[in-house]
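Residue numbers (the numbering used here): 13 to 467. Ideal Cβ placement from N, Cα and C applies to all residues, glycine included. Model, not experiment: these values are computed from the prediction. Notes for the one structure printed next.
Here you go:
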């Protein structure tokens with residue numbers, strides 16, 4: 013039975029639907045019904061479906077058939093017409109064993125019952141002879157290749173009919189007549205069979221090698237795919253981070269622009285500022301180009317950042333100027349008082365008009381106290397507490413001319429101020445300021461009474 017006939021009679025679903033429900037099971041059942049040499053080669057080749065397996069089996073059958081025909085032609089050419097005719101006559105008359113040897117039967121197992129089940133121990137009988145004497149040509153008889161290859165597909169049995177499922181319908185043995193050829197043809201046949209088996213083994217090895225290479229290639233493709241997916245994820249993450257960084261940069265730049273506008277004031281010289289900003293921006297852009305840096309993205313962004321830096325420096329210089337000026341004023345007006353350490357504390361002293369008026373009043377009070385102290389020293393019995401009431405009483409009785417009194421007291425007042433300044437100079441030279449400052453409670457302001465030791 014050929015592979016094509018075997019394929020046409022192969023469907024087994026009506027007998028074993030559960031065992032042939034998948035494509036893999038059908039391929040396995042079909043493969044079990046082929047010849048051993050074909051199974052050895054085809055079992056190691058992965059087929060996509062049953063049709064691919066059948067096509068490969070048909071191609072291999074054609075190759076074997078072609079090899080059989082080639083061997084027949086070669087043996088006929090080697091034997092000659094006389095030898096061919098003699099064997100043809102022997103075949104018609106049958107083989108007569110010599111030396112009382114009887115024909116023997118060789119059983120060849122049938123490897124498939126074409127039902128998808130386990131292989132049964134059925135046998136196919138091949139009737140051969142065991143000759144001991146030489147033939148007419150003087151050579152030992154040997155079965156021809158054609159007769160051996162006639163049984164390559166002997167296991168392709170047809171699908172059993174309804175009557176064949178009973179025990180009485182078991183396969184029967186059958187005999188095949190065998191002719192003989194010369195030893196030289198037998199040796200050549202054996203060598204060609206060995207060569208064919210070697211080629212089949214080579215095909216098997218190549219198939220295994222291709223399968224291994226395919227598996228390794230598949231593994232490499234999986235690894236490459238995973239690496240590509242990881243790279244894509246990293247790229248997406250980097251793009252997201254870059255977008256977030258750009259957003260933050262734009263926000264910070266906008267804050268710098270707003271801060272620059274807030275710092276604008278009357279103390280700024282816009283013309284000079286523009287010159288400084290342009291010069292510094294050109295220097296930074298040139299350095300960036302020389303070193304391949306992209307920190308300074310565009311000239312406009314560079315100018316905005318440089319303008320903010322320049323205005324911040326101008327504000328710092330202006331605040332330092334305010335600190336120095338207020339410290340000078342406060343130190344000049346109150347040399348005995350402790351100087352505030354920070355600009356906010358110093359500005360608090362000049363926060364409003366009442367505080368400035370208080371500074372002037374404190375200066376006047378200090379001079380008046382110093383004058384009254386000197387009067388009290390000169391006239392200890394004088395009741396200084398009656399000076400203001402009596403002055404007001406006399407001024408109420410008649411109008412007084414303060415001008416003539418001013419001419420009299422002005423020289424005396426100047427002498428008093430000179431003495432007061434002299435005392436202040438001695439106070440600072442001796443370094444007693446720090447000592448009195450440490451004795452002051454809660455950094456209270458020092459007064460002339462503290463200097464003179466009065467309670």
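Can you tell me whether residue i is helix, strand or coil according to DSSP?
{"i": "residue 57", "result": "coil"}
{"i": "residue 489", "result": "Outside the displayed range of the chain (13 to 467) lies residue 489, so it cannot be described from this structure."}
{"i": "residue 299", "result": "helix"}
{"i": "residue 394", "result": "coil"}
{"i": "residue 21", "result": "coil"}
{"i": "residue 275", "result": "coil"}
{"i": "residue 353", "result": "coil"}
{"i": "residue 360", "result": "helix"}
{"i": "residue 304", "result": "coil"}
{"i": "residue 68", "result": "helix"}
{"i": "residue 47", "result": "coil"}
{"i": "residue 32", "result": "coil"}
{"i": "residue 310", "result": "coil"}
{"i": "residue 418", "result": "helix"}
{"i": "residue 410", "result": "coil"}
{"i": "residue 281", "result": "coil"}
{"i": "residue 386", "result": "helix"}
{"i": "residue 14", "result": "coil"}
{"i": "residue 166", "result": "Any reading at residue 166 must be qualified, since the residue scores a pLDDT of 40, below 50, and its modelled position is unreliable; no value is offered."}
Give me, in chain order, the residues of the same chain whose beta-carbon lies closer than 6 Å to that of residue i; leave out the 5 immediate sequence neighbours on both sides.
{"i": "residue 345", "result": "371"}
{"i": "residue 61", "result": "35"}
{"i": "residue 352", "result": "358"}
{"i": "residue 375", "result": "none"}
{"i": "residue 273", "result": "none"}
{"i": "residue 432", "result": "382"}
{"i": "residue 85", "result": "none"}
Tell me which residues share the same chain as residue i and place their Cβ nearer than 8 Å to its Cβ, disregarding the 5 neighbours each side in the sequence.
{"i": "residue 276", "result": "323"}
{"i": "residue 412", "result": "406"}
{"i": "residue 331", "result": "355"}
{"i": "residue 429", "result": "379"}
{"i": "residue 313", "result": "265"}
{"i": "residue 54", "result": "43, 46, 65, 68, 69 and 72"}
{"i": "residue 396", "result": "384, 387 and 388"}
{"i": "residue 209", "result": "49"}
{"i": "residue 311", "result": "293 and 297"}
{"i": "residue 364", "result": "none"}
Within a Cβ cutoff of 7 Å, which residues of the same chain sit near residue i, ignoring the five residues on either side of it in sequence?
{"i": "residue 212", "result": "49, 52 and 53"}
{"i": "residue 102", "result": "Residue placement at residue 102 is flagged as unreliable, the pLDDT there being 46, under the threshold of 50; the coordinate-derived value follows with that caveat. None."}
{"i": "residue 114", "result": "Any answer about residue 114 is weak, because its pLDDT of 45 lies below 50 and its placement is not dependable; what the coordinates show is given next. Answer for residue 114: no residue qualifies."}
Are the segment 388-407 and the segment 359-368 in contact at 8 Å, needing three or more beta carbon pairs? no
Cβ contact (3+ pairs, closer than 8 Å) linking the segment 281-293 and the segment 315-322: yes
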